[in-house]
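Chains as they are written, first to last, in the working numbering: chain A, 1 to 806; chain B, 807 to 1242. Even for Gly, the Cβ is constructed at its ideal location relative to N, Cα and C. From a predicted model like this one, the values you see are computed outputs, not experimental measurements. Here the structure comes first, spelled out in structure tokens, and everything after it is commentary.
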Amino acid sequence: MGKNNMLSSMTRGLRVGVALFLLAAASTATAERMTANAFQSALDAVKNYAITEGEHPYTEELEAIDAAVIASQGDNSLRNAHADALAKFLASEDTGVDAKWFAARQLQRIAGPGQVETIAPLLTKPDMSDIAIYALQDIPGSEATGALISALDDTAGAVKVGLINALGARRDPAALPVLMDAAPRLSAVDAEVYAEVDRAIIYAALNAIMSIGGADADRFLSDHIAGIRQDPQRRTALDTYFRPYITAWLAVAQSLDSTTEQRNVIARYTGYEQLRMPVHFQTAMLFDIVRNLPNFPDVVLQFFQNPSMPEQSALSLLWYLEDPDALRQIAVGIDELPYAVRGIAVEAIAERGIAEAVPGAVSMAASPDADMRRRALAALGFIGGVDEVPLLLNTASAPNPTFAQAASQSLIRMQADGVNDAIIAHMQSGGAGVRVAGIEVLVARQAEDASDVFWAGTEDTNAQVRAAALRALAARAEADTAARIARFAVQATDTETRDAATSAMIDAARRTGTQGEVAQVVLETLDEATNEEGLYTVAIATLGRLDHPSALPALVEAARSSSVPVQLAAIRALSDWQTTEPLELLMDIADKHDDTSIRTLATRNAVAMVGRLPEDDVDAKLTAYKQILAMGIAPSEVRRVLAGVAQLSSQDALALAQSFLDDDELRADAEFAVARIRASMASPTASLNTDDAHLVLDGNADTRWTTGQLQHPGQWFQLSFSEPTALAGIVLDSAGSASDYPRAYSIYISDDGESWGEPIATGTGSEGVTRIEFEGVTTNAIRIEQTGTADANFWSIHTLEVISHE
Amino acid sequence: MKQPSSSTGHPSRRTFLKHGMVAAAAAVAAPTILPSSARGANERIAVGFIGMGKMARGHLNTFMRNPQVQVIAINDVETVRLEQAKKEADDFYASRSGAGSYDGCEIIRDYRDLCARADIDGVIISTPNHWHALQAVEAAKQGKDIYLEKPLARTIGECQAVRRAVELYGTVLQVGSQQRSDRAFRFACEMVRNGRIGEVKEVFVNVGGPPVECYLPAEPVPEGLDWDFWLGPAPWRPYHSDIAPGVDYGGWPNWRSYRDYAGGMMTDFGTHHFDIAQWGLGMDHTGPIEVEVPGSGRERLTYTYANGVKMYHGGAKDGFAVEFVGTEGRVRVNRGQRLETDPDEVKEIPLRPEEERLYTSDNHQQNWLDCMRTRRPTICTAEIGTRTATVAHIGNIAYWLNRSLKWDPAAEHFVDDEEANRLISRPMRAPWRLEV
């Protein structure tokens, strides 16, 4: 298959990366120091290093040099000797360009002031300047700065820009004077006249000044900004030529220490509107003001309340603020903020725990603006107290699901004292909706003092409240809760409450492991309800759901009752029994009962129960299915049997399924069964995790095969059949890992499992289930190749089905 | 207008306050200069894409299907990628609008021109790591909000530069560590932070290894690829397809393995899983104080936090990415909603009102879009991204130098270690520079 080469190349990168990592790890782990002479010899050996097509040369030699550099740490003399050798190697005209870059990389890590003199002459050479800067830029001390400064006068254009960039990266204030000389203030006329390359130098210098920062840089830039304002052409921050000045001026403010000196930021930014700053520049200005005026929250409030302030800036500032006093001021005056930001503001302030926002939030919680209202309701979850409980509880029971959910979540979140009591108190005066919402919130809050409330709720006049209370009791079930609910259920007078109580009782019993106690209560009810068919039937159904062994005798007896409803209830109850003990009874009823509906129900449940016989007892299952088929059941029931046979993996099962292929009414079901049985007897393999491949055929949707790697082309899954198999498609179910569906696929078939030819189908997968159909083929093997990519998902298959083409 | 009371009583400050208020009022009393850009709930957000590789195509698929978003520009250094992406976007919008054709997605060759477009609100940056800082800073300078793929940047210094830029301009930036918007990871961290497993002692993080030097030969540059622009600030070397494979290559490109462009799997996946570890430990604004290499009495690379917690590179139970070990239990979590606890019932108990709830986001991209409207910090800010990436980067530096290192998370540099500190940043090839 041609795909092998693609697969090979696709994984080559990964293999190379891993191999190189291991090699590097091994190299560093076993690195030995080289003497100075040995190091020099090693460099001499690679002076002609050049990256060309074909094999990469000198890899081992270069790695050894790299390792020796690392190994020299701790020995300053040796390290300096290596740095010297590298610097000379870099400067030598005999050294090739790629070798020079290699040396520059090493020097970036270890070069010191002693190597500056060797490297410096290279700074002014256009073809070497980049490399020299790489080697020199991080050398500490004044020598390196001096070398860069000295080189400026002898360079121009792009080379000069590179040197200026390096000075900026070094952040050495000693470079400021020469950088300031390189960044004159551009007048409107100059901006038009200056060549692009000269403007590039000016902008590089501005950037470098900005990087160095500090008070001198700030003064320089402030003078420039003042000059821009006075420009008769009234240039602004929107102008491309002048924007770098504004950018630098705003940014350098970050470098100024506002803690030791009160900066007059008001004066700095007065008249800023003349510069026509974009919104984000205004935000930067605001941040600087606030940073320098932390004790003047009312100034901050002025900005918020000013209608000219861009909303984006105001909101950014709101999240930026940390001073509680400032936030309190804003909270108190929140009604005076621009309308569009109030909702966001109250939510932002509330999240910081500012209680002064409560009145504003309460007011906005009644707003006709849906977004504002929702945010206000959410805000109360952070700062609300008992006084806000009625509002929230009323909203939690309101018809609008968005507001109801917001209010409910806030009630669940509230940490103030007395919230549970306030909820309980308001429930007593509220309507049914409020009582239901209150019960649900108390459950979510895991309120420890609410059991009495829940029990009282079971006596409520409203059926929905009673149901909610019963659910709550089940959710918070204690040891005796289930039995207590059971007695309540028995005494319930309306069907709705009895059903709710039954569900709650079963839920509680399962949570607390008290199914036996509850079953006993229900059995006692049976004794008392002998003459009440309706109650008896419900009790039988309940025993079935409880699924406790103590109930089995009663269910068996009920299955032979003279009352049809009771029999039906018992048979249904036995259908999901935890063991297959009732199977014989069900089959007997299915075979002999006079009533058709009962026979049908018993048949269906018997078929289902056969499917739950031990997985490896295929013969027992097959025997049972054959017995059922021999009862002369209706075609609809035969289909159920065939569905059960389809889960088996044996030649006898295959033969049984095939025996129905000639029956027009049952052909489709038989084909499905045949296909599935054939698939189950296939041998699954995969490109990854092949040991788990069989899990796609185990009939268990919870198990899966997975690549365990992010999806990428070349991954495949294959079924090999024991004999030629007619197929018309396959179904891949990734539902348990729904997003792990194959992003794209190609389908191949093969007679020998080695030659695959061209794909017979291609396509893209679907979330959950991917159904792939193609023109019928007969094949010994089928391969699904994943051809897509996914940035965050494996490829997983929980269940694989084949579509037969018999 | 209501006059708020001063919060201070000092006479000189009150005087200054009065002056300051007048000046401030004068400063802000000018008529509206530019329209507000806080978007209404119904306004569509215009975005541009910087980088149209594999990761970006996934984001394109997501964002263009979001009714709140309009993709209007794309950028890459490779021609065919651009053409394919433009076609995909144009075809989608044509189909959605019912029009016969659509030509509203512009191809832009230089990301700086894309960032300069006034009609773009936000950019999605999915380029190789060595480009992240330059492009993010440029976008911030131009007032664009940013969705930036992880790791935040190639080096610690570059991360810090991005952080400075977004803090300067109030940029809404989301780092693509999308596990923070996954319920299982969030709940795992909430359980840890609420003491469900007692006091945390150890964390195991399963990710791959550090980067390596690139020793590949040269190959002809494919037609349509601007190789010099692809290299950008990285040192010059000839092209090789393993670094930047062609358009037909379906796998993940291998530039992430090479030190000049990225941080290996330590950053590629580490910034997912170390991020969760930091989140669970409550270390989003700090980091370890020491990193020890294997062999120094340690089986694995070991981070130590100031509170004594140890974090190990590797060693989590099979199939799990992050494993927290406490005095009373363990929490293990991985993608695909795989969450396990010892004892098992720990994860069955929902959060109580008094317990800490972490920032909730159920969709990472949507969280960014929502925050663009409200200006709220995203779930994974530049600060968080810097701290997470730093964990991976200091680990890489320790591996590189093959020795243990001490780190000062407050000052954000190595303690008394000039050699290690020189690896916090890397020089940039001219004319590229970080402009913050």
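Between the alpha carbons of residue 286 of chain A and residue 138 of chain A lies a gap of roughly 35 Å. Here residue 1236 of chain B is buried. Its C-beta has 16 or more other C-beta atoms within 10 Å. Within the model, the alpha-carbon separation for residue 516 of chain A versus residue 328 of chain A is close to 59 Å. Distance from the CA atom of residue 59 of chain A to the CA atom of residue 1066 of chain B, rounded to whole angstroms, is 17 Å. The Cβ-Cβ distance between residue 1068 of chain B and residue 867 of chain B does not fall below 9 Å. Residue 953 of chain B does not reach chain A, its nearest Cβ partner there being about 13 Å away, counting only Cβ pairs nearer than 8 Å. Closest by C-alpha distance to residue 182 of chain A, out of A:44, A:525 and A:163, is A:163.
For the set A:484, A:210, A:673 and A:576, the Cα lying nearest the Cα of residue 501 of chain A is the one of A:484. Contact holds between the region 383-403 of chain A and the region 348-355 of chain A, because three or more Cβ pairs, one in each stretch, are under 8 Å apart. For residue 175 of chain A, the closest alpha carbon among the candidates A:214, A:780 and A:306 is that of A:214. Here residue 465 of chain A carries a helix assignment [DSSP, helix/strand/coil].
Following the DSSP letters along the chain, one finds residue 1068 of chain B in no beta strand (DSSP E), marked with neither H nor E. In the assembly as shown, residue 452 of chain A is an exposed residue. Its beta-carbon has fewer than 16 other beta-carbons within 10 Å.
Shown in chain order are the members of the region 101-134 of chain A whose Cβ falls below 8 Å from a Cβ of chain B: 101, 104, 105, 108, 109, 110, 129, 130, 133 and 134. Separation of residue 692 of chain A and residue 706 of chain A (C-alpha to C-alpha, rounded to the nearest whole angstrom) is 8 Å.
For the region 1167-1192 of chain B, the set of positions with a beta-carbon nearer than 7 Å to some beta-carbon of chain A reads 1180, 1181, 1182 and 1183 in chain order. Rounded to the nearest whole angstrom, the C-alpha separation of residue 1039 of chain B and residue 1050 of chain B is 15 Å. In this structure, the straight-line span from the alpha carbon of residue 151 of chain A to that of residue 122 of chain A is close to 9 Å. Less than 9 Å divides the Cβ of residue 168 of chain A from the Cβ of residue 208 of chain A. Less than 9 Å separates the beta-carbon of residue 512 of chain A from that of residue 482 of chain A.
Residue contact with chain B for residue 320 of chain A: present (Cβ-Cβ distance below 9 Å to some residue of chain B). Per DSSP, reduced to three states, the secondary structure at residue 1173 of chain B is helical. Assignment of residue 1196 of chain B by DSSP, reduced to helix, strand and coil, places it in the helix class. At a cut-off of 9 Å between beta carbons, residue 796 of chain A contacts chain B. Residue 626 of chain A: member of the alpha helix (DSSP H) spanning 618-629, first to last residue. Fully contained in the region 83-128 of chain A are the following alpha helix (DSSP H) runs of length 4 or more, in chain order: 97-110 and 116-119.
One Cα belongs to residue 649 of chain A, the other to residue 767 of chain A, and the distance between them is close to 29 Å.
Ranked by Cα distance from residue 378 of chain A, the first of A:403, A:394 and A:763 is A:403. Bounds of the alpha helix (DSSP H) holding residue 320 of chain A are 311-320. Under DSSP, residue 359 of chain A shares a beta bridge with no residue. Neighbours of residue 287 of chain A in chain B, taken as residues whose beta carbon is under 9 Å from its own, are 973, 974, 975 and 976 in chain order. By the C-beta density criterion, residue 740 of chain A is buried, having at least 16 other C-beta atoms within 10 angstroms. Taking a Cβ-Cβ threshold of 9 Å, none of the residues of chain A is close to residue 1140 of chain B; the smallest such distance is about 10 Å.
Neighbours of residue 1041 of chain B across chain A, judged by C-beta separation under 9 Å: 101, 104, 105, 130, 131 and 134.
In this structure, the CA atom of residue 1180 of chain B is about 15 Å from the CA atom of residue 337 of chain A.
Collapsing the DSSP output to three states places residue 287 of chain A in a helix.
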